[in-house]
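So the sequence lines, in the order shown, correspond to chains A and B. To convert, note that position 168 of the first sequence is 583 in the working numbering; the numbers rise steadily by one, no gaps. To convert, note that position 101 of the second sequence is 132 in the working numbering; the numbers rise steadily by one, no gaps. Glycine included, each C-beta is placed from N, C-alpha and C at the ideal position.
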Amino acid sequence: MVRFLPRRRVHVLAGAYALDALAASERDRFERHLPDCQSCSDEVRGFTATATALGLAAAAPPPPDLRQRVLAVVAALGSAQAGDAEIAAVLSAPDARTTSAGTSAGGTATVVASLAEGKVVFTSFGLRALSPAEVYELWFIGTGGARPAALLPSADPVLAAGLEAGDAIGVTVEPAGGSAAPTTTPIVVMAVAA
Amino acid sequence: MTEPSGVRDNPAERSRPPLDALLVQVAHGDQAAYESVYDQMAGPVYGLVRRVLRDAAQSEEVAQEVLLEVWRTASRFDPSRGGAATWVMTIAHRRAVDRVRSEAAAVERDSRYAAAYEPVAGDEVAEGVVASLEADRVRRCLDGLTTLQRESITLAYYSGYTYPQVAAALRVGLSAVKTRIRDGLTRLRDCLGVTW
Chain A
416 MVRFLPRRRV
426 HVLAGAYALD
436 ALAASERDRF
446 ERHLPDCQSC
456 SDEVRGFTAT
466 ATALGLAAAA
476 PPPPDLRQRV
486 LAVVAALGSA
496 QAGDAEIAAV
506 LSAPDARTTS
516 AGTSAGGTAT
526 VVASLAEGKV
536 VFTSFGLRAL
546 SPAEVYELWF
556 IGTGGARPAA
566 LLPSADPVLA
576 AGLEAGDAIG
586 VTVEPAGGSA
596 APTTTPIVVM
606 AVAA
Chain B
32 MTEPSGVRDN
42 PAERSRPPLD
52 ALLVQVAHGD
62 QAAYESVYDQ
72 MAGPVYGLVR
82 RVLRDAAQSE
92 EVAQEVLLEV
102 WRTASRFDPS
112 RGGAATWVMT
122 IAHRRAVDRV
132 RSEAAAVERD
142 SRYAAAYEPV
152 AGDEVAEGVV
162 ASLEADRVRR
172 CLDGLTTLQR
182 ESITLAYYSG
192 YTYPQVAAAL
202 RVGLSAVKTR
212 IRDGLTRLRD
222 CLGVTW
């Protein structure tokens with residue numbers, strides 16, 4: 416009977432797994448075990464559907480402006496994806512991750528980052544309009560400081576290459592034409608590496 | 032239909048057109064289908080994220096991320112692994128929990144654990160829950176659990192605690208928490224009539 420113990424010990428984690436209550440290392444171990452354990456997979460599926468019922472029961476009205484913002488970002492990313500193969504590749508990269516944050520210039524910034532591609536797609540919604548003498552500039556911020564990533568002349572999605580592990584993404588207001596290094600405090604800084 | 036249907040009788044799963052079919056259309060670039068997905072799921076996504084994170088501004092950011100990820104990764108939705116609402120809510124819960132834990136890592140451990148010791152009332156689940164038949168049914172089924180089962184599940188799911196944090200908060204052993212969560216979910220699943 417002793418040889419069944421390890422499996423039962425893993426099996427008992429099905430509930431905690433379905434509630435995302437495992438630490439990362441234990442979750443990885445459980446996920447490696449899942450393909451070999453049909454009863455675990457069945458149990459996880461039922462528990463996950465049960466967790467969904469708990470989640471649906473917590474439904475609450477979202478902030479009214481969220482809809483307009485999300486739909487605008489989806490429309491912008493959708494048309495950029497249709498017109499630009501490089502942008503499409505980042506958006507569909509298996510390791511890509513979307514991050515959104517409010518900015519001190521109003522509105523929100525959204526970045527889809529893929530470390531495997533070494534690229535990000537950046538788009539914004541509702542940022543304060545700048546004078547013709549200024550431009551928003553995107554930066555990769557690593558341990559060695561900020562590296563210029565792209566100029567953001569409009570809210571349209573922009574592709575930037577040169578993303579490295581551990582980088583954050585930042586945006587500053589710079590003189591028209593951009594700067595080699597940030598000259599103002601970022602309006603937003605986002606950690607993007609998953 | 033023999034495919035898994037997620038949660039039976041919940042509005043998101045039975046509304047027309049079904050979320051599963053809408054996600055397939057979204058994966059093919061249909062913006063109107065995405066609007067329908069948004070209208071069905073923004074409330075559940077925001078409500079759950081808000082429940083876990085509490086902070087309104089952070090919840091709005093994470094809800095936006097989740098709803099954008101649903102659009103971007105719609106082609107990865109696999110109906111054979113569960114219903115569409117389950118797929119969306121799983122993304123939402125993981126993102127909310129990720130945010131809680133990265134915030135927790137950034138603040139002092141002590142205050143995190145101090146917060147974990149706050150007693151959680153059994154009726155805490157009612158807070159912020161939209162009055163609906165579905166929410167009533169979930170609450171009734173939660174009431175049918177033992178106190179330890181209910182507290183373990185609500186701390187893990189609605190507060191984003193890991194099970195060791197749940198154990199610390201409830202001052203019980205790790206294996207007791209794992210068992211209570213699993214037994215409690217089994218009872219909840221049967222009470223709710225969840226199919227999968």
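- Residues of chain B with CB under 9 Å from Gly592 (chain A), in chain order? Residue numbering aside, residue 592 (chain A) sits at position 177 when the first sequence is read from its first letter. Those within 9 Å of Gly592 (chain A) in chain B number zero; the least Cβ separation is about 31 Å.
- Query: What in chain B is Cβ-close to Leu428 (chain A), meaning under 7 Å?
  - Reply: Taking the first residue of the first sequence as position 1, residue 428 (chain A) is located at position 13. By Cβ distance, chain B contributes Lys209.
- Residues in the stretch 446-472 of chain A with C-beta within 7 Å of chain B's C-beta atoms, listed in sequence order? Those would be Arg460, Gly461, Phe462, Thr463, Ala464, Thr465, Ala466, Thr467, Ala468, Leu469, Gly470, Leu471, Ala472, in chain order.
- May I have a chain-ordered list of the beta strand (DSSP E) segments no shorter than 3 residues that lie completely inside the stretch 527-564 of chain A? For the stretch 527-564 of chain A, whole beta strand (DSSP E) runs of length 3 or above, ordered along the chain, are 534-540, 549-557.
- Query: When the cut-off is 9 Å and only beta carbons count, does Thr558 (chain A) lie next to chain B?
  - Reply: Taking the first sequence and counting its residues from 1, one reaches residue 558 (chain A) at position 143. Answer no: the Cβ-Cβ gap between Thr558 (chain A) and chain B never drops below 9 Å.
- Task: Can you say whether Glu446 (chain A) is buried or exposed, counting buried as having 16 or more other CB atoms within 10 angstroms of its CB?
- Result: One-based indexing of the first sequence puts residue 446 (chain A) at position 31. Per the 10 Å Cβ criterion, exposed.
- Task: Starting from Glu589 (chain A), follow its DSSP beta bridges and name the residues at the other end.
- Result: Residue numbering aside, residue 589 (chain A) sits at position 174 when the first sequence is read from its first letter. Paired residue(s): A:Val550.
- Message: Can you tell me whether Val505 (chain A) is helix, strand or coil according to DSSP?
- Response: For the purposes of this step, residue 505 (chain A) is taken as the residue at position 90 of the first sequence. Reduced to three states, the DSSP call for Val505 (chain A) is helix.
- Interface residues of chain A around Leu98 (chain B) at Cβ under 7 Å? Translated into positions along the second sequence, residue 98 (chain B) becomes position 67. In chain order: Val485.
- Query: For the candidate residues B:Met72, B:Cys172, B:Val93, whose alpha-carbon lies nearest to that of Pro476 (chain A)?
  - Reply: On the first sequence, position 61 is the one that residue 476 (chain A) refers to. The residue with the shortest Cα to Cα distance from Pro476 (chain A) is B:Met72.
- Query: Is Thr467 (chain A) buried or exposed, if buried means 16 or more other CB atoms sit within 10 Å of its CB?
  - Reply: In the first sequence, residue 467 (chain A) corresponds to position 52, counting from 1. In this structure Thr467 (chain A) is buried. Its beta-carbon is surrounded by 16 or more other beta-carbon atoms within 10 angstroms.
- Which residues in the same chain as Asp435 (chain A) place their Cβ atom closer than 6 Å to its Cβ, once the five residues preceding and following it in sequence are excluded? Within the first sequence, residue 435 (chain A) is the residue found at index 20, counting from 1. If you ignore the 5 residues before and after Asp435 (chain A), its C-beta comes within less than 6 Å of no other C-beta in its own chain.
- With a cut-off of 8 Å, do at least 3 Cβ pairs link the stretch 105-113 of chain B to the stretch 48-63 of chain B? Yes, the stretch 105-113 of chain B is in contact with the stretch 48-63 of chain B.
- Query: If you pair each beta-carbon of the stretch 529-548 of chain A with each one of the stretch 572-589 of chain A, do three or more pairs fall below 8 Å?
  - Reply: Look at the beta carbons and you see the stretch 529-548 of chain A touching the stretch 572-589 of chain A: at least three pairs across the two are nearer than 8 Å.
- Between the stretch 168-186 of chain B and the stretch 195-211 of chain B, are three or more C-beta pairs nearer than 8 Å? Contact between the stretch 168-186 of chain B and the stretch 195-211 of chain B is established, with three or more Cβ pairs separated by less than 8 Å.
- Whole-angstrom distance between Ser539 (chain A) and Asp480 (chain A), CA atom to CA atom: On the first sequence, residue 480 (chain A) is found 65 positions in, with the first residue counted as 1. On the first sequence, residue 539 (chain A) is found 124 positions in, with the first residue counted as 1. Going from the Cα of Asp480 (chain A) to the Cα of Ser539 (chain A) covers about 15 Å.
- Query: Got a sec? Which residues, its chain only, sit under 7 Å from Arg521 (chain A) by beta carbon, not counting five neighbours each side?
  - Reply: Within the first sequence, residue 521 (chain A) is the residue found at index 106, counting from 1. Residue identity check: residue 521 (chain A) is Gly in the sequence provided, not Arg. Excluding positions up to five away in sequence, the list reads Gly541, Leu542, Arg543.
- Within 7 Å of chain A by C-beta, residues of the stretch 59-88 of chain B in sequence order: Flagged, chain order: Gly60, Gln62, Tyr65, Glu66, Tyr69, Ala73, Gly74, Pro75, Tyr77, Gly78, Leu79, Arg81, Arg82, Ala88.
- Task: Under 8 Å by Cβ, that's how I've got Gly113 (chain B) and Ala464 (chain A) pegged, so tell me the actual separation to the nearest angstrom.
- Result: Position 82 of the second sequence holds residue 113 (chain B). Position 49 of the first sequence holds residue 464 (chain A). The pair is a contact, with the Cβ atoms about 6 Å apart (cut-off 8 Å).
- Task: State yes or no: is the beta carbon of Arg125 (chain B) nearer than 9 Å to at least one beta carbon in chain A?
- Result: Start at 1 with the first residue of the second sequence, and residue 125 (chain B) comes out as number 94. Yes, because at least one Cβ of chain A sits closer than 9 Å to the Cβ of Arg125 (chain B).
- From Leu492 (chain A) to Glu91 (chain B), what does the alpha carbon distance come to, in whole angstroms? Here residue 492 (chain A) refers to the residue found at position 77 of the first sequence. Here residue 91 (chain B) refers to the residue found at position 60 of the second sequence. Looking at the two C-alpha atoms, the distance is approximately 19 Å.
- Touching or not, the stretch 452-459 of chain A and the stretch 495-509 of chain A, by the rule of three or more beta carbon pairs under 8 Å? They do not touch, by the three-pair rule.
- Query: In this structure, does DSSP put Arg85 (chain B) in helix, strand or coil?
  - Reply: One-based indexing of the second sequence puts residue 85 (chain B) at position 54. Reduced to three states, the DSSP call for Arg85 (chain B) is coil.
- Message: Please list, in chain order, the chain B residues whose beta carbon lies closer than 7 Å to that of Arg482 (chain A).
- Response: Within the first sequence, numbered from 1, the residue matching residue 482 (chain A) stands at position 67. Contact of Arg482 (chain A) with chain B by beta-carbon distance below 7 Å involves Tyr69, Ala73.
- Query: How would you write the range of the alpha helix (DSSP H) that Ser519 (chain A) sits in, first residue to last?
  - Reply: Taking the first sequence and counting its residues from 1, the one referred to as residue 519 (chain A) is at position 104. No alpha helix (DSSP H) contains Ser519 (chain A), which DSSP labels as neither H nor E.
- For the alpha helix (DSSP H) that Ala438 (chain A) lies in, which residues bound it at each end? To locate residue 438 (chain A), count along the first sequence from 1; it is residue 23. First-last for Ala438 (chain A): undefined, no H or E at that position.
- Note down, in chain order, every chain A residue with its Cβ under 8 Å from the Cβ of Arg220 (chain B). In the second sequence, residue 220 (chain B) corresponds to position 189, counting from 1. In chain order, Gly461, Phe462, Ala464, Thr465 make up the part of chain A whose C-beta sits under 8 Å from the C-beta of Arg220 (chain B).
- Query: Nearest chain B C-beta to Ser539 (chain A) closer than 9 Å, yes or no?
  - Reply: Within the first sequence, the letter at position 124 stands for residue 539 (chain A). Against chain B, the CB of Ser539 (chain A) has no partner CB under 9 Å away; the residue lies outside that interface.
- Message: Less than 9 Å between CB atoms is the rule here; does Asp435 (chain A) satisfy it with respect to chain B?
- Response: In the first sequence, the residue the question calls residue 435 (chain A) occupies position 20. True, the Cβ-Cβ gap to chain B drops below 9 Å.
- Query: Given that Leu223 (chain B) touches chain A, what residues does it touch there, using C-beta distances under 7 Å?
  - Reply: The residue you call residue 223 (chain B) lines up with position 192 of the second sequence. Those within 7 Å of Leu223 (chain B) in chain A are Thr465, Ala468.
- Considering only C-alpha positions, which residue in the set A:Ala548, A:Gly560, A:Pro547, A:Ala564 is nearest to Trp554 (chain A)? Working through the first sequence from its first residue, we reach residue 554 (chain A) at position 139. If we check each option's Cα against that of Trp554 (chain A), A:Ala564 comes out closest.
- Task: Assign Gln483 (chain A) to one of two classes, buried (16 or more other C-beta atoms within 10 Å of its C-beta) or exposed (fewer than that).
- Result: If you number the first sequence from 1, residue 483 (chain A) lands on position 68. Exposed is the call here.
- Message: Please report the distance separating the alpha-carbon of Ala490 (chain A) from that of Ala198 (chain B).
- Response: Indexing the first sequence from 1 puts residue 490 (chain A) at position 75. Indexing the second sequence from 1 puts residue 198 (chain B) at position 167. When rounded, the distance between both Cα atoms is 45 Å.
- Closer than 6 Å by C-beta to Arg125 (chain B): which residues in its own chain qualify, once you throw out the five before and the five after it? Chain order, please. Here residue 125 (chain B) corresponds to residue number 94 of the second sequence, with the count starting at 1. Counting only residues of its own chain and dropping the five nearest sequence neighbours on each side, Arg125 (chain B) has no CB closer than 6 Å to any other CB.
- Item | Contact set for Arg442 (chain A): own chain, Cβ-Cβ below 7 Å, skip 5 residues either direction | Counted from its first residue, the first sequence places residue 442 (chain A) at position 27. Within the same chain, Cβ atoms closer than 7 Å to the Cβ of Arg442 (chain A) are found at Tyr432, the five residues on either side in sequence being excluded.
- Task: Determine, using beta carbons only, whether Arg202 (chain B) comes closer than 9 Å to chain A.
- Result: Counting from 1 along the second sequence, the entry for residue 202 (chain B) is found at position 171. False, the Cβ-Cβ gap to chain A never drops below 9 Å.
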